Structures are given as C-alpha cells and as structure tokens.
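Peer 1: Residue numbers (our numbering), protein chains in the order written: chain F, 1 to 428; chain G, 429 to 861. Pasting a structure below so you can have a look.
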Amino acid sequence: MTEPAVYFAERREAVHVLRRGDRTTAEVGRYLGMGRSTHHGGDARYEYDRGVRADAAELSASDREHLAALRGPWPAEVAARDVLSALAADLADRARPMGWSLLTVSLRVYDQRIVAGVPGGLRPDRRRFCTANLEATVAADGRPLRVRRDSAIADPAGLPALAGGLFDRLPGDLAEAAALPERTLPDGVRPVVFDPGACAIVFHELCGHPLEADVVASRQSYLAPLLGKPVAPGWLTVLDDPLSANASFGYRVDDEGVEASPVPLIRDGAVGEIMHSRSTAAVAGTVANGHGRRMSYLYPAIPRQAHTRVLPGPNTSGEVAGAPGEAVRVGRLRVRYVHLTTGEFGLHAPQALLLRDGVPVARLGEVHLFGRGLDALREVEAVAADPAAWIGGGGCGKLNQGPLIVGFEQPAVRIGGLRTVSAGEVAG
Amino acid sequence: MTVPFPSWDAVRLAREAVAAAAPAADEVELWVHDTAELSCSLLPATGALTTVHGGGWGYASRVWADGRCGWAARAVDDLDDLCRLIDQAHWTARDYGVPKQPPPVITVDTARRQPITSRLFADVVQSSATGLADKLTAIGAAVQAVIVNRYQTIAGLVTRSGADAAEYYSDERLMARCETPYGAVSDAQSRMALHGRIDDEPLVARVADALGALAGPGVAPPGDLPVVLRPAVAAPLAGALAWLLSGTTAIAYGGIAKALGRQLFPRCLRVDDPGTEQGEPLRTVDDEGYRVRPVELVADGRPVALLHSVDSARAMGHEPNGRGIRFGLPEQPIGQAIRMRIAGGRGVMPADHLELCCRIDNLNTMPVAGRLELIVAGWIVRGGRRIRRVAPFELNVDLLSALRLLIGTGDDAVRLVTAAEVTLPSLVLRRLP
Chain F
1 MTEPAVYFAE
11 RREAVHVLRR
21 GDRTTAEVGR
31 YLGMGRSTHH
41 GGDARYEYDR
51 GVRADAAELS
61 ASDREHLAAL
71 RGPWPAEVAA
81 RDVLSALAAD
91 LADRARPMGW
101 SLLTVSLRVY
111 DQRIVAGVPG
121 GLRPDRRRFC
131 TANLEATVAA
141 DGRPLRVRRD
151 SAIADPAGLP
161 ALAGGLFDRL
171 PGDLAEAAAL
181 PERTLPDGVR
191 PVVFDPGACA
201 IVFHELCGHP
211 LEADVVASRQ
221 SYLAPLLGKP
231 VAPGWLTVLD
241 DPLSANASFG
251 YRVDDEGVEA
261 SPVPLIRDGA
271 VGEIMHSRST
281 AAVAGTVANG
291 HGRRMSYLYP
301 AIPRQAHTRV
311 LPGPNTSGEV
321 AGAPGEAVRV
331 GRLRVRYVHL
341 TTGEFGLHAP
351 QALLLRDGVP
361 VARLGEVHLF
371 GRGLDALREV
381 EAVAADPAAW
391 IGGGGCGKLN
401 QGPLIVGFEQ
411 PAVRIGGLRT
421 VSAGEVAG
Chain G
429 MTVPFPSWDA
439 VRLAREAVAA
449 AAPAADEVEL
459 WVHDTAELSC
469 SLLPATGALT
479 TVHGGGWGYA
489 SRVWADGRCG
499 WAARAVDDLD
509 DLCRLIDQAH
519 WTARDYGVPK
529 QPPPVITVDT
539 ARRQPITSRL
549 FADVVQSSAT
559 GLADKLTAIG
569 AAVQAVIVNR
579 YQTIAGLVTR
589 SGADAAEYYS
599 DERLMARCET
609 PYGAVSDAQS
619 RMALHGRIDD
629 EPLVARVADA
639 LGALAGPGVA
649 PPGDLPVVLR
659 PAVAAPLAGA
669 LAWLLSGTTA
679 IAYGGIAKAL
689 GRQLFPRCLR
699 VDDPGTEQGE
709 PLRTVDDEGY
719 RVRPVELVAD
729 GRPVALLHSV
739 DSARAMGHEP
749 NGRGIRFGLP
759 EQPIGQAIRM
769 RIAGGRGVMP
779 ADHLELCCRI
789 DNLNTMPVAG
799 RLELIVAGWI
809 VRGGRRIRRV
819 APFELNVDLL
829 SALRLLIGTG
839 DDAVRLVTAA
849 EVTLPSLVLR
859 RLP
C-alpha cells in the first residue's frame, strides 16, 4: 500500500567560535533544502534538492505558508558570531590572572527551522542547540594537566551563563586534580560512578540503539527479545525524551512531522518500548512515536534517538559516590564499541579519578571500561535523586548518517562490577 | 521534485561572481562543488529498500586582504547571494582572519569538460544492493545493512588572479555491515577502474574470510610469532599512514617533518601517490588549482616527501604538489593523498605466523593522533596452513611503533575504501606490537 508523501524542509545555521590562547577563529554554515519521500510497504524513495519550493499541487495553502517562511532573510549570523567571540574573549580575560598555561574555549550555536509532514498537514518546528567546551591546562609535576568541561543548552540566551558556570568550576577542578597523585589502574572489577550529564551516553548506547526499530527488525538487538521483562532495578527508568524541559536538542515534531513523545527505554526496571519512524511503524503495524530523524535534508528519516534521560533515583549524590572501598569516577566518556547482538561494550574515560570510600584519592588519566549490557543494567546500584544538574550533548553516528545531534540528561549514577583498567594496561 | 544533474552552470556562476565581486582584497577564490547522488540501502532482515536521489551545490570562498585570510562556505540562491558569500569571507578576513599571505598566482585553465551523459538509474543501484546482500547471505553472513552509493561531481576553482579549473568525476561504492556474536564486520568496495561496473566479489571474499575466523572457538594470540595483517585488518594503519604523510599533519605534530630523508621505517616500506588509477589521471588539479603530479612519499623506509596544500607547503618551505584537497564545503584544503599505494612483494613472508584477517567494528580506529585501536581475530598459521583460530582481541598500537616492526609486504595489494582508498598489501610485522 502506498502511503502519503512525507515532506521535509529545513533552514539551518551553525556558528562555531574557537578561541585557543589569544587566537580566535569563527565559522558560519548555512543550509537550505528540502526532500520528499514516498513509501510503499517497507520500501521508500526519497528525493531531495537544494532550496525550498512550495509549488507542488498536493500542498495546501497552509503548507505553502510554512515552507515560504523558511525562505525569509537569514538571521544575523554575523551578530551571533560576534556575541560568541566576545564571550570567548571575556572568559580568556578572566583566565589571565589564573596562571593557566592555556585556555581553549569552543562555543557553538546551531539553529534549525524545519517544516515536515504529509501534504495538508505540514508542521513547523524550531530546534536550537548550543554547546560550550572549555579546557584549561596547567603544569603539574612538569607535565601538562588538562581539565575539560562540556555542557549543552537549547537557548542561546543561556549560553553565557552556561559557559560562565563551566568556567567557575575549572579552578576548583584543576586544584583538586593537581593535588591528587597520578597512578595507573590495574585490571580489575570495580564500581564506576558516572557524573551527571553527558555520561547518559552509556544508556544511549546500551538501551537506546538496541531499541531503534530498524535495529530491532534486523533481529540483532540483544534487548528486543526482552521487551517488557525486568533487566534492571525496579526504580530505574530511562527515557528517550525530545520533549524534556532540559533537552539540549529537543523538538515538538520529528523530521517526518510526527508529534514528539517520550519513549521509555527502561521503565521501572523492565525493557520499555521501540522507537519508530513512520516507515518502520507502518511495517510493524503500530503508530510512529516521533523518532524519525535525519542528519539533514540530504538524508531520509530513520529511527533515531533524541535525548537520553535517566530519571532521578532513590539515592543522594553522596550515596552514589560514596560506595565503600574502591571505585572509579568518570566525567566524560567516549564509546569505543558496542556490539548490538550481545550488548558487549568498551568505553574510554579520559579524566577518571580513583575514589576510596567516596573520596578522590588519585588521578587515573585514561581508563577503559568493559562490560555487557545486561550485566551493567542489572548492576545499576544507585541513581541520585537530585535533578540533573548538568546536561550534555553530542553527535551520534548510525550507518551512513552521522553525527546527528543528540542530548543527554542524568543524575549521578553508579554501576557495579565493571571491568576497569588504565588505557595503557589493557591486556586483551 | 526535479533533481538536477551536476552542472557546469555552477562553475559559470562562480566566474561571474568573482568578476562582479568587488572587495578590496589581494585575492578572491571561489571553490564550487556540485554533486548528484543516487543511493540505496537495503535491510535484508525485512527486505526494506530505501532509494535516495538528490543533488546539491555549494560554494566556499576565501578572501585574502591586508595579510589575513577569511573564509565562508554554504549553498547560495543566485549570483547576488554568491557575491554576498564573497563579502562574508571578506568580513571574516577583516574581523577574524588568520594571518596568511595569498597563494602564488596560478593561471591554470584545465577544465576537463567531459560531457555528462551517464544517468543515475535507481534499478541499477537496487540490483547492486540486493545482489550483494544475496551473496553475503549465501556465505552465512547475518547482513544488517547494505548501502550502494553512486555519485557524479563537478568541482571547480575560480580566482580573481586567473585560475579557472573544473573537473567532472564519478564513483560508486558498496558498503555492507554484518553482525556476529563478537560484534559487526563491515567492509566496503569502490569501483576499481575509472569506468565500468563495480565488482563486489572481492568484498564478499574478504567478509567470508573474516567470518571464517569467527566461526569456531579460538585461542589467545601467541606472542612469539610474526604477524600478518591482511589488507582488511591493516586498512586503518594505511589510512593512518596517509594521515601521517600529510604536510598538514606534519605542521600540527612536527615529528614526520624532522624525519624527512631519514631511515624512519624498515627498508621494505615503499609508498607513493601517483594520482592515477590504472594509468589514467584521476584529477588534473587539486582543490587549490595546483597540478596533480606523482609523489614518491617513502623510499625504502625513508620519508622523502609529504602531501601538501598550499599552506602546508609554504609553512615547510616545500613546493606544492597538487594535494590540497577539501573534505567538504566548510573545510579548508589540507594535504591529502589522491590514490596512495603501499608497495607489495617486499621483505619476507614467513611460513609460520599469526594471520589477522578479521577486523570487528569499533567506533573510532584512531581516537588519538597516531594511536590505533582495533579489534581483530584470525589464525595461527604453520607451514603456510591455517591450523587454529585466534579469538577476537584488542590490538591497540602506536602507528610509528607498529610500522617499525614491518618486515615484509604481501603480493595481495588491493585498494580499500576502509583504508581511505589506499592500495595496500598484507603487512608483515616481526611480532605483535
């Protein structure tokens, strides 16, 4: 059965200002284009072109009005560039008396207006995404010691406060790190404390990708056979929620014009639901749930995550960090690999700390974390009740589409029983 | 919707804009990129086939003024908008410009005005995708996705000082991702000749070889045997070597610049970039208008030249060699290989060795400059025969340290998409790095 055509048009601007030492560079990108997909059963055909046209007979007057709005004058990107440059310069000025050898400030603003949906029902949406990345370097024991702090926010008006907040944390974080001895971590099994914010990428990888409808349909998802079954403590709930008030890249309608909705990935400890685009939902005989996303108008929509959100748990932050004995605390993560069929994963934490009874006792530098998805979910030991204090954002790759902007939101989380080892000590 | 073919009109518009734009600048440059693509993705588990057809063009402008360079890049609406893009680059030079003198004046006019007659037919890419999926399924692979991509591109460069170069090229790629209990095995194949159809048999053979290594229990890798990295496994090393031999990398990291002319690698390593495919030139000029010439990069283990953009050549006091390549519109040209080759059939190929023929996907094979992270599997080979599987293990290596262990190269050289299109043979290392 042939379904109605689905339109997607976008107007996107991106501004990036990078200040490294005293040198500032600024780049601006602008994109305008549209595409139209038709579906027949599970098959799809997508055609795209640059520019936005509203002359197709199947479009309504309202559709044409929405599309025409995308062709208006471009916002003053030069002004945005200057605002970001002034903010970076201000932070550099504040850093001067600190005695740091280098401060790197990276500020990005991404503004996307879209119109999407079926003829007669095209819907507009605006998504905004701003990131602040600060890295300060000092000399410690004759070697450079770097501390990097990242965060993301939707509204550019909040970027100065966000960047300022990150900056304010740097002196304390640097002093704490410099005061700690550096040591390597022998291969062993330990609890890991994941800082609030961007560490929700763990759940994005372990729960999100395996519950994207096309992955489920490929019969390679380790979680799909366990839909509705308990795999984690009953107080753990993880959503993919583009409507979250904290979503750093939230949206009201997805890239196919479907109303966004939170999808539980883990609900009260059990495997939740599947994220669908229009076409996967049609094949599965269900309704789309607002997770049809695409990198740009050059790509067709496929089921994707938007904003991984770990709901507050039953513990205080002190309880999360304060596991008796030895634990590893991580603030940022890079995914090395995740095997969809088994949930086996490897992560890299660039600035890990060693905790003893919740107190930092050493800098570990680069640490690798290994585990299996089901084991890790079962071993979630504590989730803080505090509202997420720190929001993260990043890029997600899938097949030939990446990076797609995604957001992360979580309180502090502790997972027990993960294999942890200094990056240079991995034996295999 | 009507999807346009790439058109020389985009280059004509660039000429008009450079002539019309009037910034008080020392040099104005426009680079145009116009592409039409047809791709098809197939999910064999459901049979779902998605065909994508489209095109887009964009311009990147660089303007040099008062000793500074600024740039801007984007799609444009018309001639007026293109002139505004040049103005934007000019403002950027003034307010945020990087100190830089304009490039030497070049006056190439080498437009290869090859007529564009080939159409992109959806049924052709669909049959390529289903054909590849069928072949992979027949060898027992759990195919998650197959993607076929064909594209036609016109890239051109116009400067106020007289450069006018435009070229047309086309390519085709197949990509497949197969799931295993140990993770995914992915591979890709591009067309081996400038013209003609793509051959998927080499890809199927490599995937079959990789899956064979995972088809039974394996032992831990022995530490006392020489190691043969088959091309599919050595691909990230070859890609990293291409990165290392870039003048842009040399400026950022320094090390390779100091090693020029020295015996940095074993004598069995020989690397060049002829810039041709089976004798036919792939490009006449690079994305900065410089003629592409053959470059010998590593002679008997000694790095003798680097791949240069104008900036990197100038910074190092070298001559540009036509390797200033842009990755895309917003990116500045960097020194990059066009068709690098690692010579095969050199050094030794021991009869007893650890053969690594399977690489399992990880998200980033070079997360830190010069450090590679791989997950690999293979066989213990005695007397030239595979006698026991080696289970998947992590191979985390420093690029230079690994290449210094090189004792030979195989006679099985193949060009791989996964190696940044480098043609590479098996690499034989004295031991596991």
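Where is the CB? At the ideal position from N, CA and C, for every residue including glycine. Predicted, not measured: the structure shown is a model, and the values here were computed from it.
1. Between the alpha carbons of Gly-806 of chain G and Pro-654 of chain G, how many angstroms are there, rounded?
2. For the alpha helix (DSSP H) that contains Met-744 of chain G, what are its first and last residues?
3. Tell me whether the beta-carbon of Arg-414 of chain F lies closer than 7 angstroms to the beta-carbon of Val-330 of chain F.
4. Using a threshold of 7 angstroms, state whether the C-beta atoms of Pro-262 of chain F and Tyr-251 of chain F are closer than that.
5. Taking 7 angstroms as the CB-CB cut-off, is Pro-758 of chain G touching chain F?
6. Tell me the DSSP secondary structure of Trp-671 of chain G in three-state form.
7. For Asp-150 of chain F, collect the residues of the same chain with a Cβ closer than 6 angstroms to its Cβ; drop the 5 residues on either side in sequence, then sort them by chain order.
8. Taking buried to mean at least 16 other C-beta atoms within 10 Å of its own C-beta, is Ile-575 of chain G buried or exposed?
9. Could one say the Cβ of Pro-659 of chain G lies closer than 7 angstroms to chain F's Cβ atoms, at least one of them?
10. Span of the alpha helix (DSSP H) holding Gly-407 of chain F?
11. Ends of the alpha helix (DSSP H) at Ala-691 of chain G?
12. With a CB to CB cut of under 7 angstroms and the five nearest residues on each side skipped, what residues in its chain are close to Leu-340 of chain F?
13. With DSSP as the reference, label Trp-235 of chain F as helix, strand or coil.
14. In three-state terms, what does DSSP make of Lys-528 of chain G?
15. If we ignore side chains and look at the alpha-carbon of each, how far apart do Ala-9 of chain F and His-746 of chain G end up?
16. Please look up how many angstroms separate the CB atoms of Ser-244 of chain F and His-291 of chain F, rounded, as I've assumed it's under 8 angstroms.
17. Trp-485 of chain G touches chain F at which residues, Cβ-Cβ below 8 angstroms?
18. Taking a contact to mean a Cβ-Cβ separation below 7 angstroms, would you say Ser-248 of chain F touches Gly-394 of chain F in this structure?
19. Is there contact here, the segment 495 to 514 of chain G with the segment 446 to 461 of chain G, by at least three beta-carbon pairs under 8 angstroms?
20. Please state the DSSP three-state secondary structure of Asp-63 of chain F.
21. Just to check my reading of the structure: Arg-336 of chain F and Leu-791 of chain G have Cβ atoms closer than 8 angstroms, yes? What is that Cβ distance to the nearest angstrom?
22. Using a cut-off of 9 angstroms between C-beta atoms, extract the partners of Leu-791 of chain G located in chain F.
23. Quick check: the Cα distance between Arg-30 of chain F and Val-804 of chain G, rounded to an integer number of angstroms?
24. Mind checking Pro-543 of chain G: buried by the 16 CB within 10 Å criterion, or exposed?
25. In chain G, what lies closer than 7 angstroms to His-291 of chain F by C-beta?
26. Kindly list, in the order they appear in chain G, the residues whose Cβ is closer than 7 angstroms to that of Arg-219 of chain F.
27. Would you report the Cα separation of Ser-85 of chain F and Val-17 of chain F, rounded to the nearest angstrom?
28. In chain order, what residues of the same chain have a beta carbon less than 8 angstroms from the beta carbon of Val-231 of chain F, not counting five sequence neighbours either side?
29. Going by DSSP, what residues sit across from Ala-80 of chain F in a beta bridge?
30. Short check: CB of Asp-714 of chain G to CB of Ile-679 of chain G, under 7 angstroms?
31. For the beta strand (DSSP E) that Ser-248 of chain F lies in, which residues bound it at each end?
32. Under a CB-based cut-off of 7 angstroms, is Thr-341 of chain F close to chain G?
33. Give a yes or no on whether the minimum CB-CB distance between Tyr-524 of chain G and chain F is below 7 angstroms.
34. Secondary structure at Asp-209 of chain F, three-state DSSP: helix, strand or coil?
35. At a Cβ cut of 9 angstroms, what residues of the segment 722 to 749 of chain G count as close to chain F, listed as they run along the chain?
36. State the CB to CB distance for the pair Leu-91 of chain F and Ala-139 of chain F, rounded to an integer number of angstroms; the pair is presumed to be in contact (CB under 8 angstroms).
Peer 2: Taking the structure as given:
1. Those two C-alpha atoms are separated by around 13 angstroms.
2. For Met-744 of chain G, the uninterrupted alpha helix (DSSP H) run begins and ends at 738 to 744, by DSSP.
3. Result no, Cβ atoms of Arg-414 of chain F and Val-330 of chain F do not sit closer than 7 angstroms.
4. Cβ distance not < 7 angstroms, so Pro-262 of chain F and Tyr-251 of chain F don't count as in contact.
5. Judged by the 7 angstroms Cβ criterion, Pro-758 of chain G is in contact with chain F.
6. Here Trp-671 of chain G sits in helix by DSSP.
7. Cβ neighbours of Asp-150 of chain F beyond the five flanking positions: Asn-133.
8. Ile-575 of chain G counts as buried, since no fewer than 16 other beta carbons sit within 10 angstroms of its beta carbon.
9. Closer than 7 angstroms: no.
10. Not the alpha helix (DSSP H): Gly-407 of chain F falls in the beta strand (DSSP E), residues 401 to 409.
11. Before going on, a small fix: residue 691 of chain G reads as Gln here, not Ala. Run containing Gln-691 of chain G: none; DSSP gives neither H nor E here.
12. If we look at Leu-340 of chain F and ignore the five residues flanking it on each side, its Cβ neighbours are His-209, Pro-210, Val-215, Gln-220, Ser-221, Tyr-222.
13. Reduced to three states, the DSSP call for Trp-235 of chain F is coil.
14. Lys-528 of chain G: coil per DSSP, three-state reduction.
15. If you take the alpha carbons of Ala-9 of chain F and His-746 of chain G, they lie about 46 angstroms apart.
16. His-291 of chain F and Ser-244 of chain F do not touch by the CB rule: their CB atoms are close to 14 angstroms apart, not below 8 angstroms.
17. Those within 8 angstroms of Trp-485 of chain G in chain F are Arg-50.
18. Ser-248 of chain F places its beta carbon 7 angstroms or farther from that of Gly-394 of chain F.
19. Yes, they touch.
20. Asp-63 of chain F: helix per DSSP, three-state reduction.
21. Confirmed, Cβ separation roughly 6 angstroms.
22. Under the 9 angstroms cutoff, chain F gives Arg-334, Val-335, Arg-336, Tyr-337, Val-338, Gly-397.
23. Counting only the Cα atoms, Val-804 of chain G lies some 41 angstroms from Arg-30 of chain F.
24. Low confidence applies here, because Pro-543 of chain G scores a pLDDT of 49, under 50, leaving its location unreliable; read the following figure in that light. Pro-543 of chain G should be labelled exposed.
25. In chain G, no part has a C-beta under 7 angstroms from the C-beta of His-291 of chain F; the shortest such distance is about 16 angstroms.
26. Per Cβ cutoff of 7 angstroms: Ala-473.
27. Computed Cα separation, rounded: 6 angstroms.
28. Here Val-231 of chain F has Leu-223, Ile-266, Gly-269, Ala-270, Val-271, Leu-374, Leu-377, Arg-378 as same chain residues with Cβ atoms under 8 angstroms from its own Cβ, once five neighbours each way along the sequence are excluded.
29. In the DSSP secondary-structure assignment, Ala-80 of chain F is not bridged to any residue.
30. Between Asp-714 of chain G and Ile-679 of chain G, the C-beta gap is not smaller than 7 angstroms, which leaves the two residues out of contact.
31. Boundaries cannot be given for Ser-248 of chain F, as no beta strand (DSSP E) includes it and DSSP labels it neither H nor E.
32. Between Thr-341 of chain F and chain G, the shortest Cβ-Cβ separation is below 7 angstroms.
33. For Tyr-524 of chain G, the answer is yes, since a Cβ of chain F falls inside 7 angstroms of its Cβ.
34. Reading off the sequence shown, one finds His at residue 209 of chain F, where the question assumed Asp. Helix.
35. Within the segment 722 to 749 of chain G, no residue qualifies.
36. The distance from the Cβ of Leu-91 of chain F to that of Ala-139 of chain F is about 20 angstroms, inconsistent with a contact at the 8 angstroms cut-off.
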